[in-house]
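At position 35 of the sequence shown (counting the first as 1) the number is 66 in this note's numbering, and the numbers step up by one without a gap. For each residue, glycine too, the CB sits at the ideal point set by N, CA and C. Just so you know, these numbers come straight off a predicted model, no measurement behind them.
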Amino acid sequence: MKNIIQESDRLSVFYADSVSIQLGQEPLLIEVTEGGEPKTLWVLRGITFVDENNEPVIPSFVITNDEYFLLAMMLEHKDFDESGDEVLIERTLPMDWDEIYAMVIAMREAAAAESTELGNEQEQQP
């Protein structure tokens, strides 16, 4: 059985300088490099977007909620330590887009392998 992910559970990644999207939401901004050049990525909930001429805009990459939360937690953010004090958590997400992309693909492959193993174990049970 194939795992079906609803559109509301997917997020689209765009290069901020390459598209003109009608934004109905505030994007997560991720600063990256690609080929040594600095780039800004927009991460937006959903996969259906249009430009100012109502033409469809195709995302550069689509991620799931789980992938989104992992990437977001790897960005610089504020959190609380064990004593309740607010602390700044440094960015651990790689700057290079190719490294980020490879990391997401590796996560998907690991999840698919785990899913296959679980399916095989369930088939072997009487």
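Alpha carbon to alpha carbon, what distance is there between residue j and residue i?
{"i": "residue 127", "j": "residue 88", "result": "24 Å"}
{"i": "residue 36", "j": "residue 43", "result": "A caution first: residue 36 carries a pLDDT of 47, below 50, which makes its placement in the model unreliable, though a value can still be read off. If you take the alpha carbons of residue 36 and residue 43, they lie about 13 Å apart."}
{"i": "residue 95", "j": "residue 40", "result": "6 Å"}
{"i": "residue 64", "j": "residue 107", "result": "16 Å"}
{"i": "residue 101", "j": "residue 122", "result": "12 Å"}
{"i": "residue 58", "j": "residue 77", "result": "11 Å"}
{"i": "residue 34", "j": "residue 85", "result": "Here the model assigns residue 34 a pLDDT of 45, short of 50, so the residue's position is not dependable and the matter cannot be decided."}
{"i": "residue 146", "j": "residue 139", "result": "10 Å"}
{"i": "residue 105", "j": "residue 83", "result": "32 Å"}
{"i": "residue 93", "j": "residue 135", "result": "10 Å"}
{"i": "residue 56", "j": "residue 142", "result": "29 Å"}
{"i": "residue 148", "j": "residue 133", "result": "22 Å"}
Using a beta-carbon distance below 8 Å, is residue i in contact with chain B?
{"i": "residue 72", "result": "The structure shown contains no chain B, having only a single protein chain."}
Around the Cβ of residue i, are there at least 16 other Cβ atoms within 10 angstroms (buried) or fewer (exposed)?
{"i": "residue 117", "result": "exposed"}
{"i": "residue 137", "result": "exposed"}
{"i": "residue 119", "result": "exposed"}
{"i": "residue 80", "result": "buried"}
{"i": "residue 130", "result": "exposed"}
{"i": "residue 98", "result": "buried"}
{"i": "residue 144", "result": "exposed"}
Hey, residue i and residue j: beta-carbon distance below 8 Å or not?
{"i": "residue 47", "j": "residue 71", "result": "yes"}
{"i": "residue 50", "j": "residue 61", "result": "no"}
{"i": "residue 91", "j": "residue 45", "result": "yes"}
Would you mind reading off the limits of the alpha helix (DSSP H) that contains residue i?
{"i": "residue 97", "result": "96 to 104"}
Starting from residue i, follow the beta strand (DSSP E) in both directions and report where the run begins and ends.
{"i": "residue 122", "result": "Segment: none, residue 122 is in no beta strand (DSSP E) and carries neither H nor E."}
{"i": "residue 50", "result": "No beta strand (DSSP E) contains residue 50, which DSSP labels as neither H nor E."}
{"i": "residue 112", "result": "It is not in any beta strand (DSSP E) - residue 112 carries neither H nor E in the DSSP assignment."}
{"i": "residue 68", "result": "68 to 76"}
{"i": "residue 61", "result": "59 to 65"}
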